[in-house]
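First the structure, in the form of structure tokens, and then the observations on it.
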Amino acid sequence: MNKKIKLIKFILMIALVSTALPFSQADRVHAFSNQVIQQGAVGNDVIELQSRLNYIGFYHGKIDGVFGWGTYWALRNFQYEFGLPIDGLVGESTKAKLLKTTKYNKGNTAGANGTANKTAKKATAVNIPKGFSQNDIQLIANAVHGESRGEPYIGQVAVAAVILNRVNSSSFPNTVSGVIFEPGAFTAVADGQIWLTPNETSKKAVIDAINGWDPTGEALYYFNPATATSSWIWSRPQIKKIGKHIFCK
Amino acid sequence: MIRGLLIGVLALGVIGTGYWGYQEHQEKNAILLNAENNYQRAFHGLSYQMDLLHDKIGTTIAMNSRQSLSPSLAEVWRITSEAHNDVGQLPLTLLPFNKTEEFLSNIGNFSYRTAIRDLDKEPLTDKEYNTLKVLYKQSGDIQNELRKVQHMVLKNNLRWMDVEMALASGKETTDNTIIDGFKTVEKTVTGFDETDFGPTFSNMQKKDENFKNVSGKTISKSEAAAIAKKYMNMKGNLNVKVTENGKGSDYGFYSVAVKNEKTGQESSMDLTKKGGHPIWFINHRDVKKQKLSLNDGMIKAQAFLKDTGYPDLELFESTQYDNVGVFNFVTNKNGVRIYPEAIKLKVALDNGDILGVSAEEYLKSVQKRNIGKPAITLEQARGKVNPNLKVMEDRKAIIVNDLNKEVLCYEFLGTIKNDTYRIFINAENGREEEVEKLKDSEAVYEDVL
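As you go down the protein sequences, you meet chains A and B in turn. Just so we're on the same page, my numbering is the position in the first sequence counted from 1, plus 43. Just so we're on the same page, my numbering is the position in the second sequence counted from 1, plus 27.
In structure tokens form, the structure reads like this:
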């Protein structure tokens, strides 16, 4: 007898859960994945977040799929208005609140208005380190590719770091283009190899160097001992060797 | 008949080739001349700027009132930057010409710092006047040498293209008036090394480039390898190579390169000899599809820092580049953010591996600090901020200011319209030390057109 009741209860419970589950899960799957979204993130979840914040009037910027400062303040205002902990992170409770509020305000389902901007499904912006533009990075990547495409990855980061060290040095021009196109500074510029299309690796190397990775120990010059013709370059104090290049002050 | 025809065809061919060759030759000459003219412009521009510089420093010395002194110093600053720019366009990279360029930027720094100072409150000291006089004489010497070279160039129609070729071929021994002239200029400047730029200036270059505040005992090669392996978290058949720094380095370090023989994966790392602190570390591999969020990556990075002995760091910035998260951590001591002590970490968002560490800045600035009590209150500092700024966050922070000095500040993070700013107000005297417009994402231009 007891067993039977238990069984019925069990079946009932399963039935309940299984009817409830699709709803809650459908909502979640439609809208956000279950990651905690943090400032600096990119991707579909950020587009979703921006569209929803935009829909209820907190966010006025472009829906570009990059969690920047505009999105950050919009999110914090939202958290403040709705009595959530103001941490600038999109966790479970914030997501739930976002889904609820954006759904509540409109007859449509959350999924539909959340992705109202269907054309913007793809991220239309990227994170770029401070002080540089995508074009600057492309230009340095061109130089790095032309100068050191056969080198190991850190050899490429090193060449990018030397370019940046020169920009900061008082003995060299103060701009990226000034340093790269200084007559005689880089052989790749002189023989036109700089105009080869750089690969993704050299771009990554450049971003690493801009973000502060300097494998050279602050070198300003480098040369390939096998091909260097100038005797002067040998007189520079040498710091280290990476791949085929010797880096010096 | 056939012979005649053949001769005719061949003759036409010869004439055609000759004509084509002549055209090519003309084109080549035109391009050479173009390049030559660019060099000439930069060179004559340089010597003109040096003329101006000398005169301007001369008039500055004769001035007395602040109203005319500040603009005049600003003018000196502008001229040095123009001259610097001209030098950068000449093919002198292979010629030791650093001293002259450094000299130019030193004058620039000196004049900038004195020009922006409130000269009513803090007039030029005797020492600074002396510096100006010395600079006047030195710029005169350089001007003189450059004029000599310029005269020779004009008189003998010397070409910069020849200089470039002489330099590129490495045959610097050949007699070349331009090269010799510039060598003389460089020699003249080398004698200026000890110019005293006064107290305002000496602050500028005080930077710990040698990691001298780093603690710990000197480690051996094998110890370096052991530490590196701990960071790299690599398994399998490893080929470890440790090399010492070259003689030209300011500080002692070991470079450790570890290669997995099987997979070909390679990690590299530099450590200080003193204490074995990592300077930087890069583990390069292809990062697969993103499985972790940026937030998960941050948690991994935080745990890693705790494990490796940096307990006081807090996250300051996080950025995602494709499938890699880059996290910038700074020290937080008793609620004061110490911005110079920054460490960056790179985390793979496919499996959470630490892909890179950059601690150079941290090692250069780490030291025992006595953080003073602020002389003004938070409210007073807030009063100094532009009233249009909507302040969203505030905290105390230590930053390195324009004069390369560490100062305790109140930091305000806020917005004006759609832009976000970070503003630092000196906690001692309420000076606005730094205003920074924070960068947002940049649109992708692929689809524009």
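Glycine included, C-beta positions come from ideal geometry on N, C-alpha and C.
With a 10 Å radius around its C-beta and 16 neighbouring C-beta atoms as the bar for buried, classify residue i as buried or exposed.
i: Q94/B; result: exposed
i: M77/B; result: buried
i: L122/B; result: buried
i: I443/B; result: exposed
i: P414/B; result: exposed
i: P128/A; result: exposed
i: M28/B; result: exposed
i: W47/B; result: exposed
i: A228/A; result: buried
i: D88/A; result: buried
i: L376/B; result: buried
i: W104/B; result: buried
i: S294/B; result: buried
i: S191/A; result: buried
i: Q93/A; result: buried
i: S278/A; result: exposed
i: G208/B; result: buried
i: S247/B; result: exposed
i: N81/B; result: Residue identity differs from the one stated: residue 81/B is His in this sequence, not Asn. When all chains shown are included, H81/B counts as buried.
i: Q78/A; result: buried
i: A330/B; result: exposed
i: S76/A; result: exposed
Verify whether the separation of the beta carbon atoms of residue i and residue j is less than 7 Å.
i: N267/A; j: T346/B; result: no
i: N287/B; j: M261/B; result: yes
i: V357/B; j: R364/B; result: yes
i: W256/A; j: V210/A; result: no
i: K138/A; j: F125/A; result: no
i: A142/B; j: S97/B; result: yes
i: K274/B; j: K173/A; result: no
i: G85/B; j: Y156/B; result: no
i: F3/B; j: M296/B; result: Because chain B in this structure spans residues 28 to 476, residue 3/B falls outside the shown range and cannot be described.
i: I80/A; j: V133/A; result: yes
i: A369/B; j: E388/B; result: yes
i: L390/B; j: H304/B; result: yes
i: L416/B; j: G441/B; result: yes
i: I450/B; j: V462/B; result: yes
i: N350/B; j: V374/B; result: no
i: T158/B; j: I134/B; result: no
i: V269/B; j: V285/B; result: no
i: A203/A; j: I183/A; result: yes
i: A424/B; j: Y348/B; result: no
i: G104/A; j: Y115/A; result: no
i: T145/A; j: R95/A; result: yes
i: L173/B; j: S74/B; result: yes
i: E341/B; j: N359/B; result: yes
Just to check, is the beta-carbon of residue i closer than 6 Å to a non-hydrogen atom of the ligand ZN?
i: Y98/A; result: The ligand ZN is not among the ligands present in this structure, which contains no ligands whatsoever.
Using only alpha-carbon positions, find the residue among the options that is nearest to residue i.
i: I306/B; options: R312/B, N272/B and K316/B; result: N272/B
i: N65/B; options: W187/B, E293/B and A328/B; result: W187/B
i: K292/A; options: V133/A, G198/A, E135/A and V205/A; result: V205/A
i: R396/B; options: A101/B, V434/B and L416/B; result: V434/B
i: N91/B; options: V103/B, L151/B and L60/B; result: L151/B
i: N431/B; options: E460/B, T127/B, T107/B and L416/B; result: E460/B
i: I477/B; options: Y437/B, P401/B and M419/B; result: With chain B covering 28 to 476 only, the question about residue 477/B has no answer from this structure.
i: K126/B; options: N112/B, V212/B, Y448/B and D429/B; result: V212/B
i: Y123/A; options: F101/A, N242/A and A233/A; result: F101/A
i: A262/A; options: P280/A, S273/A, T270/A and W275/A; result: P280/A
i: R312/B; options: S132/B, V418/B, T290/B and L340/B; result: T290/B
i: Q292/B; options: T299/B, Y278/B, Q317/B and N264/B; result: N264/B
i: A454/B; options: D446/B, N445/B and I398/B; result: I398/B
i: Q177/B; options: L319/B, A255/B, G336/B and R68/B; result: R68/B
i: L146/B; options: Y49/B, G45/B, Q53/B and A101/B; result: A101/B
Check the C-beta distance from residue i over to residue j and give it rounded, since I have them as a contact under 8 Å.
i: K371/B; j: N355/B; result: 5 Å
i: G260/A; j: K284/A; result: Actually they do not touch by this definition, with Cβ atoms about 11 Å apart.
i: T245/B; j: K301/B; result: 6 Å
i: E129/B; j: S214/A; result: 6 Å
i: I205/B; j: L185/B; result: 6 Å
i: A251/B; j: L298/B; result: 5 Å
Any 3 or more C-beta pairs closer than 8 Å across the stretch 108-122 of chain A and the stretch 84-96 of chain A
The stretch 108-122 of chain A vs the stretch 84-96 of chain A: in contact.
For this session: Would you be able to state if there are at least three C-beta pairs under 8 Å between the stretch 113-122 of chain B and the stretch 213-226 of chain A?
Result: A contact exists between the stretch 213-226 of chain A and the stretch 113-122 of chain B.
Notebook entry, point to check: Are at least three pairs of beta-carbons, each pair with one atom in the stretch 172-189 of chain A and one in the stretch 244-258 of chain A, less than 8 Å apart?
Noted result: Using a Cβ-Cβ distance cut-off of 8 Å, the stretch 172-189 of chain A and the stretch 244-258 of chain A are in contact, since at least three pairs of beta carbons, one from each stretch, lie closer than that value.
Quiz item: Does the pairing of the stretch 240-250 of chain A with the stretch 179-194 of chain A give three or more beta-carbon distances under 8 Å?
Solution: Yes, the stretch 240-250 of chain A is in contact with the stretch 179-194 of chain A.
Worksheet item: If you pair each beta-carbon of the stretch 318-330 of chain B with each one of the stretch 399-414 of chain B, do three or more pairs fall below 8 Å?
Response: With the cut-off at 8 Å, the stretch 318-330 of chain B and the stretch 399-414 of chain B do not touch.
- prompt: Are three or more beta carbon pairs between the stretch 30-40 of chain B and the stretch 229-246 of chain A nearer than 8 Å?
  reply: Fewer than three Cβ pairs drawn from the stretch 30-40 of chain B and the stretch 229-246 of chain A lie within less than 8 Å of each other, which leaves the two stretches out of contact.
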